[in-house]
Amino acid sequence: QKEVEQDPGPLSVPEGAIVSLNCTYSNSAFQYFMWYRQYSRKGPELLMYTYSSGNKEDGRFTAQVDKSSKYISLFIRDSQPSDSATYLCAAGREGTALIFGKGTTLSVSS
Amino acid sequence: DAGVIQSPRHEVTEMGQEVTLRCKPISGHDYLFWYRQTMMRGLELLIYFNNNVPIDDSGMPEDRFSAKMPNASFSTLKIQPSEPRDSAVYFCASRYGTGFPGELFFGEGSRLTVL
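Keeping their order, the protein sequence lines are chains A and B. For the record, in the first sequence the residue sitting at position 64 is 64 according to the working numbering, with numbers rising by one throughout. So the number in the working numbering is just where the residue sits in the second sequence, counting from 1, plus 1000.
In structure tokens, the structure reads:
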């Protein structure tokens, strides 16, 4: 079992839809959680991060972590065609490398 | 800063040939990571360095793979001999320090095809 599991999709939604992307993790030692966004033929870029359970909001994006159930979520409101990308969840602890999920490919049609 | 720079961007080679991928991290970053990305396995950590010293190479698939970081501004990942199953996109990433959030900055990747 991988330490961070993510459904690869693909996920297709119409413009304006609410998107929910989810991951689970198995290592309770993970301290912080991140979402990276990767456009086609580009390297991943940090989208959001959180250090604890709860919600963090940034514009149309909300990251949610539930440490009790080891569940990581990213919500995208009012999705746009420019949100079409692969979204990778990641988890880590201080001094070590980030462990990534497989990534979920999202397509938003106009 | 120009960001993390990787070369070559694309490499097509024959099975059995040696492949060398190169990376220049962001100046001042003290951590450097090599990841490999495939459709089947996603983004997998191969090895990472701290201050040019390899810290964890448990993700290196086999002895055919080796990585070096001779100085703070250069790292190589070498595959010898290469096999078709090595075909993937190889990413280099760098980071400063260990504190949260410890954002990783990725290069654009080296797309390797082994025929």
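All C-beta atoms in this analysis are idealised placements derived from N, C-alpha and C, irrespective of residue type, glycine included.
Does any residue of chain B bring its CB to less than 8 Å from the CB of residue i?
i, result
"Ile-99 (chain A)", "yes"
"Gly-103 (chain A)", "yes"
"Gly-54 (chain A)", "no"
"Glu-94 (chain A)", "yes"
Contact defined as beta carbons within less than 8 Å: I believe residue i pairs with residue j. What is the distance between those atoms, to the nearest angstrom?
i, j, result
"Lys-1078 (chain B)", "Ser-1087 (chain B)", "About 16 Å separates the two Cβ atoms, so there is no contact after all."
"Gly-1059 (chain B)", "Leu-1045 (chain B)", "5 Å"
"Ser-1082 (chain B)", "Thr-1013 (chain B)", "6 Å"
"Phe-100 (chain A)", "Leu-88 (chain A)", "5 Å"
"Ser-1110 (chain B)", "Tyr-1090 (chain B)", "5 Å"
Mind listing the chain A neighbours of residue i? Cutoff is C-beta to C-beta under 7 Å, in chain order.
i, result
"Phe-1091 (chain B)", "Gly-43"
"Gly-1109 (chain B)", "Gly-43"
"Glu-1103 (chain B)", "Leu-46"
Please list the partners that residue i has in chain B, where partner means a Cβ-to-Cβ separation under 8 Å.
i, result
"Lys-67 (chain A)", "Neighbours of Lys-67 (chain A) on chain B: none; closest Cβ ~15 Å, over 8 Å."
With a threshold of 8 Å between beta carbons, is residue i in contact with chain A?
i, result
"Tyr-1096 (chain B)", "no"
"Phe-1033 (chain B)", "yes"
"Glu-1018 (chain B)", "no"
"Glu-1011 (chain B)", "no"
"Gly-969 (chain B)", "With chain B running from 1001 to 1115 in the structure shown, residue 969 (chain B) is simply not present."
"Asp-1030 (chain B)", "no"
"Asp-1056 (chain B)", "yes"
Tell me, please, which residues DSSP counts as bridged to residue i.
i, result
"Leu-1045 (chain B)", "B:Tyr-1035"
"Thr-1020 (chain B)", "B:Lys-1078"
"Ser-20 (chain A)", "A:Phe-75"
"Tyr-49 (chain A)", "A:Met-34"
Hey, does residue i have any beta-carbon neighbour from chain D nearer than 8 Å?
i, result
"Phe-1106 (chain B)", "No chain D appears in the structure shown, which is made up of the protein chains A and B."
Cβ closer than 8 Å: which chain A residues qualify as neighbours of residue i?
i, result
"Leu-1021 (chain B)", "Here the premise fails: no neighbours, minimum Cβ distance about 14 Å."
Along chain A, in chain order, which residues have C-beta atoms closer than 9 Å to that of residue i?
i, result
"Leu-1130 (chain B)", "Outside the modelled stretch of chain B, which goes from 1001 to 1115, sits residue 1130 (chain B), for which no answer is possible."
List, in order along the chain, the chain B residues whose C-beta lies closer than 7 Å to that of residue i?
i, result
"Leu-74 (chain A)", "Ordered by position in chain B, no residue passes the 7 Å Cβ test against Leu-74 (chain A), which lies about 15 Å from the chain."
- Can you find at least 3 beta carbon pairs, one from the segment 1091 to 1105 of chain B and one from the segment 34 to 49 of chain A, that sit closer than 8 Å? yes
Next item on the list: Decide if the segment 1016 to 1033 of chain B is in contact with the segment 1047 to 1058 of chain B; the criterion is three or more beta carbon pairs, one per stretch, under 8 Å apart.
Entry: yes
Taking 8 Å as the threshold, find out whether the segment 25 to 33 of chain A comes into contact with the segment 82 to 96 of chain A through three or more Cβ pairs.
With three or more CB-CB distances shorter than 8 Å, the segment 25 to 33 of chain A counts as touching the segment 82 to 96 of chain A.
Check your understanding: Below 8 Å, can you find three or more Cβ-Cβ pairs linking the segment 79 to 86 of chain A to the segment 2 to 21 of chain A?
Key -> The segment 79 to 86 of chain A vs the segment 2 to 21 of chain A: in contact.
Worksheet item: So does the segment 1001 to 1009 of chain B actually touch the segment 1088 to 1096 of chain B, counting three or more Cβ pairs closer than 8 Å?
Response: Taking 8 Å as the limit for Cβ pairs, the verdict is that the segment 1088 to 1096 of chain B does touch the segment 1001 to 1009 of chain B.
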